[in-house]
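*Asks:* Numbering that gives the first Met the number 0 applies: residue 0 is where the sequence shown begins, and numbers increase by one.
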Amino acid sequence: MPPEKKVPLMRYPVHEHMVTLPGNRLVSLIQLKGVSSETRSDDELVHLFHNLNRYFLALGKKEGKHLMLQTYITKTGIELDTQYTLPLPALQDFVDAYTAPFRNGTFFQVGYSIALILKYREVDEGIERMSDLLSLSSTLLAEYDPVIMGLEENEHGALFSQIGRYYSLLINGHEKDVLVSDTRLGDAIIDSVTNFENYDFVENRPNRGGQRFATTFDL
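1. Could you give the DSSP three-state label for Leu140: helix, strand or coil?
2. Name the two residues that bound the continuous alpha helix (DSSP H) containing Lys118.
3. Just list the alpha helix (DSSP H) runs in the segment 126-175, keeping only unbroken ones of 4 residues or longer that don't cross its boundaries, in chain order.
4. Our contact map puts Ile170 next to Leu28 with C-beta atoms below 8 Å; I'd like the distance itself, whole angstroms only.
5. Which residues bound the alpha helix (DSSP H) around Lys74?
6. Taking 8 Å as the cut-off, decide whether the C-beta atoms of Asn203 and Ala213 are in contact.
7. Do you know how far the Cα of Gly156 is from the Cα of Phe48?
8. Specify, as a first and last residue, the run of the beta strand (DSSP E) that Glu202 falls within.
9. Find the nearest neighbour of Asp144 within the set Leu31, His14, Gly22 and Val13, judged by alpha-carbon distance.
10. Which of the three DSSP states, helix, strand or coil, is assigned to Gln30?
11. If contacts are defined as beta-carbon pairs under 8 Å, then Thr138 and Gly110 qualify, I think. What distance do you get, rounded to the angstrom?
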């Protein structure tokens, strides 16, 4: 079976925050900030849990079987190349010590994201329904500082897909700028070879970095 049958490739943006998938589907992506359990009381954590549960229930009531959710947790290394020079030795020592983990590859940032995948009949109707879901998400997930991924324009007027960049991280293990063009986003993001032939695991060989392996579970 070809890989695209198992991992449908994204097609083209039809809205700032939406990309088409095979089978009359749209995908939108929301990034969230995590909540440190060490800095919140038990009551606050319970409150956040119930709010998140209400969000999922609201999505289910609104779209039912027409909506699929995928959630992602990523852990990426943060690199710092900037050098900071301060006049006072004490401050310089503090800054050097504080930024050291960012320079030696020991600092990692955890990210949380939700993909909304909506089945539609007509694309205009699908865009309208997805817009309602994104508005609902922005309201009910406000405590997690949601950011809806869209398009970026550089100084030359070229458009780049934030959704494409994010999926390049998931698939290739590193982010790459993904230009919006007549090339499908699913083709543009590929910078690795993925092998589905093994029975119980998936092998990914990126063009940059070492091999990666994944297991899948049907729950």
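For glycine and all other residues, C-beta sits at the position ideal for the given N, C-alpha and C.
*Replies:* Straight from the coordinates:
1. In the structure shown, the three-state DSSP call for Leu140 is coil.
2. Residue range Phe107 to Lys118 is occupied by the beta strand (DSSP E) that includes Lys118, with no alpha helix (DSSP H) assigned at that position.
3. As far as the segment 126-175 is concerned, its whole alpha helix (DSSP H) runs of at least 4 residues are 161-171.
4. 14 Å between Cβ atoms; not a contact.
5. Boundaries for Lys74: no alpha helix (DSSP H) harbours it, while the beta strand (DSSP E) harbouring it runs Leu66 to Gly76, taken from the DSSP string.
6. Yes; because the gap between Cβ atoms is below 8 Å, this pair is in contact.
7. About 42 Å.
8. Unbroken beta strand (DSSP E) run through Glu202: Val201 to Pro205.
9. Closest by C-alpha distance to Asp144, out of Leu31, His14, Gly22 and Val13, is Leu31.
10. When DSSP states are grouped into helix, strand and coil, Gln30 belongs to the strand group.
11. Actually they are not in contact, since the Cβ atoms of Thr138 and Gly110 sit about 22 Å apart, beyond 8 Å.
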